[in-house]
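Notes follow once the structure below has been shown.
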Amino acid sequence: MELGRLEYLQALVTEFQVTDSTGNKRRCSLALSLSSVSSHTRLFFLAEAKEQVLANLANFAYDPSNYEYLRQLQVLDLFLDMLTEDNETLVEFAMGGLCNLCLDKTNKEYILEASGVEPIINCLSSSNEETVVSAVTTLMFLTTPRSRAQTTGLPVVECMLRFSLSANTRLSNLASIFLQDYCSPPQVEEARNLSRHTAVGIPLPKD
Numbered sequence: 001m002e003l004g005r006l007e008y009l010q011a012l013v014t015e016f017q018v019t020d021s022t023g024n025k026r027r028c029s030l031a032l033s034l035s036s037v038s039s040h041t042r043l044f045f046l047a048e049a050k051e052q053v054l055a056n057l058a059n060f061a062y063d064p065s066n067y068e069y070l071r072q073l074q075v076l077d078l079f080l081d082m083l084t085e086d087n088e089t090l091v092e093f094a095m096g097g098l099c100n101l102c103l104d105k106t107n108k109e110y111i112l113e114a115s116g117v118e119p120i121i122n123c124l125s126s127s128n129e130e131t132v133v134s135a136v137t138t139l140m141f142l143t144t145p146r147s148r149a150q151t152t153g154l155p156v157v158e159c160m161l162r163f164s165l166s167a168n169t170r171l172s173n174l175a176s177i178f179l180q181d182y183c184s185p186p187q188v189e190e191a192r193n194l195s196r197h198t199a200v201g202i203p204l205p206k207d
């Protein structure tokens, strides 16, 4: 193992997870004296620091040589936990990190065993285009004979039908691939018939 790389990733995870007594994530290396600024400004710097660290971790998830280290440091759990955050930027980076990681069979199985499909499906309702695209792509990668019933459930297929009609070409093309390659014709027809009679509650992301 490359100790230097592992130590660097460990430092990133530690930096993200250090908390103060109120539960706020605090960036250890923040040089600014937070006692001299307002509470609002402190929260801004803390949120910005969390976003930067999570973005770095998501970028490391591009490289398969990091997968073992990221599993060892429980970064997959960190990404899954961040999917329920109110901060849309944190959700975007976490969803992007999972999208990169789930190409690997071991990571895929871990996400499925950790009940990760449901929070990923919930990300389809995000107003952030990058989050939605990553969520759709991740559901494709996570689809196996065992997980198909969940990753291509009726609410998901209904959502993909709506996305396929989007003016956003990137999203509509991706949704069309999902419907063609991962859903059976009866599934699509059932979702299409249901959509004619009910309003689907997943809004399209902002362009």
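Residue numbers (UniProt numbering): 1 to 207.
Just so you know, even glycine gets a beta-carbon here, dropped at the ideal spot from N, CA and C.
Evaluate contact between the region 95–114 and the region 50–62, counting only Cβ atoms and requiring at least three cross-stretch pairs below 8 Å. yes
Express the C-alpha separation of P186 and V91 in angstroms, rounding to a whole number. 33 Å
For E130, which residues from the same chain have a beta carbon less than 6 Å from its beta carbon, with the 5 sequence-adjacent residues on both sides left out? E92
Please tell me whether L161 and S195 are closer than 8 Å, where the distance is taken between their beta carbons. yes
Pop quiz: P119 and T144 are said to be a contact at Cβ under 8 Å. What is the actual Cβ separation, rounded to whole angstroms? Actually they are not in contact, since the Cβ atoms of P119 and T144 sit about 18 Å apart, beyond 8 Å.
Contact between the region 110–119 and the region 44–56 is defined here as three or more beta-carbon pairs at a separation below 8 Å; is this criterion met? no
Please classify Y62: does DSSP put it in a helix, a strand, or coil? coil
Quick test of your reading: L13 and L101, contact by CB under 8 Å. State the CB separation rounded to the nearest angstrom. It is worth fixing the name first, because residue 13 is Val in this sequence and not Leu. That belief does not hold up - the Cβ atoms of V13 and L101 are roughly 15 Å apart, past 8 Å.
Hey, quick one: how far does the alpha helix (DSSP H) through Q150 stretch, first residue to last? R148 to T151
Start and end residues, alpha helix (DSSP H) containing Q180: T169 to Y182
Are L103 and F141 close, meaning C-beta to C-beta below 8 Å? yes
Neighbourhood of V136 by C-beta distance below 8 Å, restricted to the same chain and skipping five residues each side: L124, M160, F163, L171, L174, A175 and F178
With a Cβ-Cβ cutoff of 8 Å, do L6 and Y69 count as a contact? yes
Endpoints, alpha helix (DSSP H) assigned at D104: Counting along the chain, D104 falls outside any alpha helix (DSSP H), and DSSP gives it neither H nor E.
With 8 Å set as the bound, which would you pick, yes or no: does the beta-carbon of A49 sit closer than that to a beta-carbon of chain D? Here chain D cannot be found, since the structure has a single protein chain.
Once DSSP output is grouped into helix, strand and coil, what is the label at N128? coil
C-alpha distance - A47 paired with N128, whole-angstrom precision: 18 Å
What first and last residue would you give for the alpha helix (DSSP H) that runs through N87? N87 -> no alpha helix (DSSP H), and no H or E assigned at all.
As a quick exercise: from Q150, C183 and R192, pick the residue whose alpha carbon is nearest that of L165. R192
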